[in-house]
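Protein chains in written order, with my numbering: chain G, 74 to 485; chain B, 2 to 314; chain D, 2 to 293. From the three backbone atoms N, C-alpha and C, an ideal C-beta is built for every residue, glycine too.
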C-alpha cells in the first residue's frame, strides 16, 4: 500500500507541469480551521505547498458562517481578494461563481484526472457549474454517528445498544440510574443535525433525497417524515435534561458517562481521543444510528478568486493540485480526523470508527450533506424550527411537521 | 435601594460626610468603624465580590489542566497549578499555521489602537466643542443623524464601508482602519463631549471670548484642561472598544496587520475540534490586561480632573 | 447681515466639523440608504439589485423568531436601562465619598468591560449552569431543593443574560457617573451642608438634576448597547432554549451572514433602525435643538 502511495505521488509529480514552477508566488489562504487538530491539519497543506517553492500565507479566522464569511466576501468585493479560501462543500459559494469572481479550475482538473480519482463522484459534481469545475474538495466529514458511553450503560445495568430502537428502549434504565439518555447541546445547528441524521435512519435514503434534494413538500408532509418526527419526539424526551450549550460539552457528558449517547458528526472523535478513550472499549460508535448504515459526504472545499497577477494565478493551480495529491490527502486527513477524497490512498492509521466510515464509503451507501442540497437560508430556517421543537415539549410533532413542510416548499 | 432602612443609615451618615467635605480645614474625626463607613465599604465589598466571582472562575480555570476541567467543578481551586495554558495562549497557540499565540498580533494591535484612539477622540472632542459652544445652522441635524447612527448594528455597515473605502483607495490600509474606528466611535464620543462641554459654566467661555480668544485658543487653553475626567471616560471607551475590536481589524486590513483579537477569536471561537477552556480563559485574561492597565493608570486623571476644575471654577 | 458674512460666521467651527458632517452624510445616511434599498431585493450572499418588493418584510413579520426577538429586546432593554443606571449611580456615589482604595474598587467594577464577550458569556454560562454552577454549589452545601436554573428555563433565560450584561456594563456607567459627579462644584455640597439639607436629598434634588447631560449621554450609550446586543447572547445561550433568548441584532447577523440572505437581514435592520429613528429623532431635536 505504501508503495502505491509513493507511485501515485510520483506519477502526480511527473505528470504535473506545475510541480517545478518557473516563478514562485506568495498565496494568501483564508480558512476557519483554528483548533489544535485543525491547525495541525492545515500545516500539512501548507508544508506541501511550500515544498513546491511557493509560499502559503496563512489567514485563519475562526467561526464559520457568522464570522469568517463576511470577512471573505468583503475581501473579494473590496477588490483585494485572497488567493484561496475555504467554504463547506456545497452551495455556499454558488453566487460567487455566478458573479464570475472565482476561477475555473477545469484545466487542472482534466490534467490531473479528478473525475477518476475523487470518490464519491457526487463531490466533484458539487464543484461543477455549467460543466466547469470551480473548487477543490479536500475532505469528507459525515454527520451520521451515534456515540455511546459504555460506562453509562454499564452503570444502568443494560447492554450497550446496537441501534436506535434499542437505545430508545434503554432510556428509562438510564434515567433510573440518574443519566441523561441523549445529550444535545443548546446550539441550533446541533438539533437540526440530529434531525437530519434521523431522516435517513428512520425513513430511508430515498425520502431524505426527496425532501432535501427535490424539495418535495408533499414528501415532507408525508407519513414517512411523520415517523421521523415521532423519533425526534423520543429524542426530545431523552435529551430534556441536557443542560449544556457547546457540542463538545455534550460530548463530554458522554465521555464522563453522565449521558448515554450523542448524535454528532465524526469530529466528535477528537474529543474521545483527547480524553484517552478507546473506540469499542470506552465508547461505541453507530454509523447511521445502527439502523441504516450510511454516511453523508459533507466536508470542506477550497475556492480560488480571480487574481490579476499571472504568477499568482499559476501558483493557484499548483495549490489546487497539491491539495489533492495523495500524500497531502493522507497527511492532512489523518490530522483533521476526516476521510480523504481519493479512493486510492491507504489509511492504516485510522481508528475503528473511522474504518467503519471508510467501509461504508467504499460500499457506496452515501448521501449528500445538507449543505450540498439546501441553501444556507433554508438551513437556518430549519435551525430555527428544530431548536424550538427540541426545547419546547408543547410543540407537537404534527405542528412542527407542518412548519417543516412549509420551509421545504419555500426552499430553492 | 428604596429600602427605608438603608435610607435611614444614609441619612445618619450625612453629618459625618459633611464633616469630611469641609476639606482640609480643621481636624478630621477619625472614626474607622462608623455606621456610614460600614455601609459604604460593606456595599462596595459586596458589589466587588459579585464582580470578582467570574474573574475568579476564569483565573482558576486558566491554571488547571484539561482533565481537571472535565471533572466539572468550576469553583474548586486547581489541584495542580499549571501555567502552561498561559504560556500556550501567549506563545504557542496556533492560528492556522502560525503557532506563536497572541504574541503575534500584539504589536499590530498597539499600532492600530494608538492612532485610532488619538484620532477618534481628537475629532469627537472638537465636534462636541463646536456643537456645545459654536453652534452653527444645521449642526443639530448632523448631530441627530450621528445619534441615530449609534444604534445601527456595526455589521450592517460592513459592505457599504467596503465600497466607500474601495472607492477612496484606502481598502486594506491602516489609514482606512483608523478612519473606520473614528467613524464608529464618533456618535457616542461626540455626544459625550458635547454634553460635558455644555455642562461647564458658560461664563468661562464668555470671558475667554471677551479676552479675544478664538475657536482653537479656547479649546486648548480652557476646555481641554477642564475636561480630564471626560477624556478619561473617552479613553476607556475607545481603548476598550478598539483593542477588543475584531471585526473591523480583520475585514478592513490584511493578514500581516491583523490585530491580536484575531488570534484571540481563533483560540476562543473554534467551531470544530477540541475546545481548550483553560487556554481560552488565559487568552482572554491576557488580552484584557492592556485595557486594565489603561483603566488603572488613567484613573489618576479622575482626581486631577476635579482639582483642575476646582481651581478654574 | 449680508449672506457671505453668514457663511463665514463660525468658520473655524464649520471647518472643524467637516469630518462629522462627512461621516453623518456619507456613512450614516448613505450607508443606511444603501441597506434600505437592498432590503427590497433578493440579495443573498452578494448585494444585488434584483427588486422583489416587500417580500422580505412580509417574511420577516411572519417569522416567529423575529417577534420573539423584539419582545426579548423590550424586556432586556428596559431592565438593563433601569438597573445599570441605578447600580452605576449608587456605586459612583459611594466611590465619590473620598474612600480609601478608590482606584482598586473602580478597577474591579470596570474590569469586566475589558473582557471579550465570548469568554464572559462562557463563564456566566458555567456559573448559571445547574449542574456545575451556583445551583450545584448551594445544593452541595446542604440546601437540596435549591433551584436556580435561569439559562435553561425559557421564562427566565433573558434574566440570566441580564445578569451577565449588567456585570459587563455597569462599570462603564459607574465611570460616566463618577466623571459627572466630579464635575459638580464642591461649593454646591458646601452650600447644601450649610442649609442643612440631608445628603440623599442633595443627591436627588440638586446633584442629579445638575448631572442631566451626563445622564442623557449614559442613557444613549446603554440604549445603543442594548439595541446592538449580540455577542453576549451567542456566547451564553445561542438564543436558546428554543428561541427564548433571541434578539433582533442576532436575527440580522444570522440572516445576513450565516444564512447568506442579505435582503432578509437588511429588512430586519431597517425595521430596527426605523423604530430607533422614530424614538430618537423627535427627542434629539428637542434635546439638542434648543438651548444656548
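Judged by DSSP in its simplified three-state form, residue 447 of chain G adopts coil rather than helix or strand. In the DSSP assignment, residue 110 of chain D falls outside any beta strand (DSSP E) and lies within the alpha helix (DSSP H) extending over 103-111.
For residue 266 of chain G, the uninterrupted alpha helix (DSSP H) segment begins and ends at 261-271. Annotation: Cβ neighbours of residue 259 of chain G in chain D (cutoff 7 Å, chain order): 238, 239, 241, 242.
For chain D, the residues of the segment 443-461 of chain G that bring a beta carbon within less than 8 Å of one of its beta carbons are 448, 449, 450, 452, 453, 454, 457, 460, 461, in chain order. DSSP places residue 129 of chain G within a strand segment (E or B) once states are collapsed to three.
Residue range 118-128 is occupied by the alpha helix (DSSP H) that includes residue 125 of chain D.
According to the DSSP secondary-structure assignment, residue 378 of chain G is paired through a beta bridge with G:175.
For a Cβ distance threshold of 7 Å, residue set 96, 97, 267, 271 of chain B lies close to residue 107 of chain G, ordered along the chain. Of all residues in the segment 150-167 of chain D, only 165 come within less than 9 Å of chain B when Cβ atoms are compared, listed by chain position. For the segment 103-129 of chain D, the beta-carbon criterion of a distance under 8 Å to any beta-carbon of chain G is satisfied by 126. Non-local C-beta neighbours of residue 101 of chain G in its own chain, meaning closer than 6 Å and more than five positions away in sequence, comprise 130, 132, 155, 156, ordered along the chain. The DSSP-derived three-state label of residue 214 of chain G is strand. For the 8 Å CB-CB criterion, residue 75 of chain B and residue 127 of chain D form a contact. In the DSSP assignment, residue 334 of chain G is bridged to G:221, G:255. Counted as a single uninterrupted DSSP element, the beta strand (DSSP E) harbouring residue 101 of chain G occupies residues 99-104. Residue environment: residue 62 of chain D is assigned as exposed (fewer than 16 neighbouring CB atoms within 10 Å of its CB, all protein chains considered). For residue 68 of chain B, the secondary structure class from DSSP, reduced to helix, strand or coil, is helix.
Between residue 170 of chain D and chain B, the shortest Cβ-Cβ separation is not below 8 Å.
When C-beta atoms of the segment 215-226 of chain G are compared with those of the segment 188-199 of chain G, fewer than three pairs fall below 8 Å, so the two segments do not count as touching. Contact with chain G is found for residue 159 of chain B, since one of that chain's Cβ atoms lies less than 8 Å from the residue's Cβ. A distance below 6 Å between beta-carbons, with the five flanking residues on each side excluded, links residue 451 of chain G to the following residues of its chain, in chain order: 484.
Under the Cβ criterion (8 Å, minimum of three pairs), the segment 177-184 of chain D counts as touching the segment 206-219 of chain D. Within chain D, 116, 117, 120 have C-beta atoms less than 7 Å from the C-beta of residue 285 of chain B, given in sequence order. Residue pairing by DSSP places residue 360 of chain G opposite G:218 in a beta bridge. With the rule of 3 Cβ pairs closer than 8 Å, the segment 154-173 of chain G counts as touching the segment 100-120 of chain G.
Between residue 248 of chain G and the set G:270, G:286, G:311, the nearest pair of CA atoms involves G:311. Of G:108, G:273, G:463, the smallest CA-CA separation from residue 306 of chain G is found for G:463. Taking 8 Å as the cut-off, the beta carbon of residue 292 of chain B is found no closer than this to the beta carbon of residue 168 of chain D.
Taken atom to atom, the span from the alpha-carbon of residue 69 of chain B to that of residue 207 of chain D is near 55 Å. When secondary structure is reduced to three states using DSSP, residue 109 of chain B falls in the helix class.
Counting the other Cβ atoms within 10 Å of the Cβ of residue 309 of chain G gives 16 or more, which makes it buried. The Cβ neighbour count for residue 108 of chain B, taken over all protein chains shown within 10 Å, is under 16; the residue is labelled exposed. Boundaries of the beta strand (DSSP E) around residue 161 of chain G: 157-161. Cα atoms of residue 123 of chain B and residue 31 of chain D: separation of roughly 24 Å, rounded to the nearest angstrom. The beta carbons of residue 172 of chain G and residue 206 of chain G sit about 17 Å from each other, so the pair does not count as a contact at 8 Å.
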